[in-house]
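Notes follow once the structure below has been shown.
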Amino acid sequence: MIVLLISYLCATNVITMSQDWFAEIKRMIVEIQSFEIKDATSLEQFRLQFLGTKNLIKPLFAAIGKIPNELKKEYGQLVNEAKILAEERFESFKELKESANKSNANHLDLSLPVRLRSEGTRHPISQVLERIVGIFSKIGFEVVEDREIEDDWHNFTALNTPDDHPARDMQDTYYLRDFGNMLLRTHTSSVQTRYMELNKPPIRILAPGRVYRNETISARSHCQFHQVEGLYIDKNISMADLKQTLLFFAKEMYGTEVRMRLRPSYFPFTEPSAEMDIYWGLKDETDYRITKGTGWLEILGCGMVDPAVLSNCGIDPEVYSGFAFGMGIERQAMLLHKIADIRYFFENDQRFLNQF
Ligand code: DAH
Numbered sequence: 200m201i202v203l204l205i206s207y208l209c210a211t212n213v214i215t216m217s218q219d220w221f222a223e224i225k226r227m228i229v230e231i232q233s234f235e236i237k238d239a240t241s242l243e244q245f246r247l248q249f250l251g252t253k254n255l256i257k258p259l260f261a262a263i264g265k266i267p268n269e270l271k272k273e274y275g276q277l278v279n280e281a282k283i284l285a286e287e288r289f290e291s292f293k294e295l296k297e298s299a300n301k302s303n304a305n306h307l308d309l310s311l312p313v314r315l316r317s318e319g320t321r322h323p324i325s326q327v328l329e330r331i332v333g334i335f336s337k338i339g340f341e342v343v344e345d346r347e348i349e350d351d352w353h354n355f356t357a358l359n360t361p362d363d364h365p366a367r368d369m370q371d372t373y374y375l376r377d378f379g380n381m382l383l384r385t386h387t388s389s390v391q392t393r394y395m396e397l398n399k400p401p402i403r404i405l406a407p408g409r410v411y412r413n414e415t416i417s418a419r420s421h422c423q424f425h426q427v428e429g430l431y432i433d434k435n436i437s438m439a440d441l442k443q444t445l446l447f448f449a450k451e452m453y454g455t456e457v458r459m460r461l462r463p464s465y466f467p468f469t470e471p472s473a474e475m476d477i478y479w480g481l482k483d484e485t486d487y488r489i490t491k492g493t494g495w496l497e498i499l500g501c502g503m504v505d506p507a508v509l510s511n512c513g514i515d516p517e518v519y520s521g522f523a524f525g526m527g528i529e530r531q532a533m534l535l536h537k538i539a540d541i542r543y544f545f546e547n548d549q550r551f552l553n554q555f
């Protein structure tokens, strides 16, 4: 009886059939797991084979009808697992590839052209100063610097401006009363006296630096600003030398077409003294305002060094003579760049500074 039953089952293929169907789906799962996906082409092959319209899993789904009822559930689950596995492998490789593409984009490619970074710029005052120094160094002037906290002697008295001299009122001074007779230098002319005390002629120096005055801050004046001082001492130096030197400077700074004039003036430390104007123009309202309706703009003070100043500093006025000049750097920068307000230079506003 048993032999008969077994042979019946075998003959109807019930045993081997069910084992074959499971074997087939298990083989398929192994195939999905081991399929080597390494690039876009193999990914596409994988998709066609396991997920496309004519994929290999489909017939296994279709065969479910032929599976004996008691095996249907298990079989169905297995085929479903195969399908999910195929989808998961497909998606995970796709994601991997996309993120690899993204990180490739961040890779350093040395063959790419350089991306320009916006760096800071030099302050317009430094730029203008550099230009002034460049011009005077062409004719042998050497840059010297000295202290900003100065004593009364070097800032005033040695420059022929004793305590009771009315010219002191021209420069409203910050005194450091708790530190003897010290003050914040009101002009770079103090460097003249310092330098002459220590050096014998010939002297040909340019002294740039910060100066301080107790001025009300406005569009035209500030309590701190910058000057450049020039000093030339030698034998037989005359006003003609001063004029030619300044003409050379004006042409280099403002172009060969520049018009300049020297106007008589007064400074305690020079005799004669003058102020130099350059022609700015008188076309619009701004020209009227900044030139006070004359078309001319004052850019510096100058003169022949007073013999008393030479003696104060230990230089024999019988043997030597010389000229000096002093100019505001902000003034030159405002002229060159048509800047209407001196306060911009000290505010460090990037929108202003980045224009230079
Ligand atoms: N120190 C003067 C000022 O600040 C400018 C000046 C005038 C400087 C005449 C000089 C000079 O060297 O000779 O107003």
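Mapped onto the numbering used here, the consecutive letters of the sequence shown carry residue numbers 200 to 555. All residues carry an ideal CB built from backbone N, CA and C; glycine is no exception.
*Figure out for me which residue from GLU529, LEU534, VAL504 and LEU535 has the closest Cα to the Cα of GLY521.*
VAL504
*Using a Cβ-Cβ cut-off of 8 angstroms (strictly less than) and excluding sequence neighbours within five positions of ILE334, which residues of its own chain qualify?*
PHE447, PHE448, GLU451 and MET452
*For TRP352, does the count of other Cβ atoms within 10 angstroms reach 16, so buried, or fall short, so exposed?*
Exposed.
_For MET459, list the residues DSSP reports as bridge partners._
ILE477
_Residue from VAL229, ILE224 and ASN547 with nearest C-alpha to ILE256_ = Selection VAL229, ILE224 and ASN547 evaluated against ILE256 yields ILE224 as nearest (Cα-Cα).
*Contact test: SER472 Cβ vs the ligand DAH heavy atom, cutoff 8 angstroms*: yes
*Taking 8 angstroms as the cut-off, does the CB of GLY454 come closer than this to any heavy atom belonging to the ligand DAH?*
Outside the cutoff, so no.
*Give the DSSP-derived three-state secondary structure of PHE234 in the structure shown.*
coil
*Count the other CB atoms within 10 Å of the CB of ARG488; is the residue buried (16 or more) or exposed (fewer)?*
exposed
*asked:* Considering just the uninterrupted stretch of the alpha helix (DSSP H) at MET389, what are its terminal residues?
replied: Reading off the sequence shown, one finds Ser at residue 389, where the question assumed Met. It spans 388–397 - the alpha helix (DSSP H) in which SER389 sits, taken as one unbroken run.
_For the alpha helix (DSSP H) containing HIS353, name the first residue and the last one._
In the DSSP annotation of this structure, the continuous segment of the alpha helix (DSSP H) that includes HIS353 starts and ends at 351–354.
*Please list, in chain order, all residues of the same chain as PRO386 whose beta carbon is under 7 angstroms from its beta carbon, the five residues on each side excluded.*
The question names Pro, but residue 386 in the sequence shown is His. Taken in chain order, the residues that qualify are GLN370, VAL410, GLN426 and GLY525.
*N-terminal and C-terminal residue of the beta strand (DSSP E) that GLY251 is part of*: Neither: GLY251 is in no beta strand (DSSP E) and is coded neither H nor E.
*Measuring from the CB of LEU430, is there a heavy atom of the ligand DAH at a distance below 8 angstroms?*
yes
*Does the Cβ of PHE340 have 16 or more other Cβ atoms within 10 Å, making it buried, or fewer, making it exposed?*
buried
*From this set, GLU497, LEU247, SER472 and PRO267, which residue's C-alpha is nearest GLY480's C-alpha?*
GLU497
*Is ALA523 near the ligand SAM, in the sense that its beta carbon is under 8 angstroms from a heavy atom of that ligand?*
Of the ligands one can find in the structure shown, namely the ligand DAH, none is the ligand SAM.
*Shortest alpha-carbon distance to ALA222 belongs to which of ASN268, LEU277 and ALA523?*
Of the candidates ASN268, LEU277 and ALA523, the residue whose Cα lies closest to the Cα of ALA222 is LEU277.
*Would you kindly check if the distance between the Cβ of LEU242 and the Cβ of LYS293 is under 9 angstroms?*
yes
*Kindly indicate which residue of ASP219, GLN248, PRO323 and ALA523 has the alpha-carbon position closest to the one of ASN547.*
Across the set ASP219, GLN248, PRO323 and ALA523, the C-alpha of PRO323 shows the shortest separation from the C-alpha of ASN547.
*asked:* Just checking LEU499 against the ligand DAH - is the residue's beta carbon closer than 8 angstroms to any of the ligand's heavy atoms?
replied: The beta carbon of LEU499 sits closer than 8 angstroms to at least one heavy atom of the ligand DAH.
*Whole angstroms is fine: what's the gap from PHE378's alpha carbon to ILE514's?*
30 angstroms
*If THR360 sits next to ALA366, beta carbons under 8 angstroms apart, how far is it from one beta carbon to the other, in whole angstroms?*
5 angstroms
*Can you say whether ASP362 is buried or exposed, counting buried as having 16 or more other CB atoms within 10 angstroms of its CB?*
exposed
*Indicate whether LEU499 and GLY527 have their beta-carbon atoms separated by less than 9 angstroms.*
yes
_Through-space distance from ILE404 to PHE551, alpha-carbon basis_ = 32 angstroms
*If you draw a straight line from the C-alpha of PRO463 to the C-alpha of GLY502, how long is it?*
9 angstroms
_C-beta atoms of LEU247 and LYS253 nearer than 9 angstroms_ = yes
*As assigned by DSSP and simplified to three states, the class of GLN554*: coil
*If we call anything under 9 angstroms between Cβ atoms a contact, is PRO401 one with VAL342?*
no
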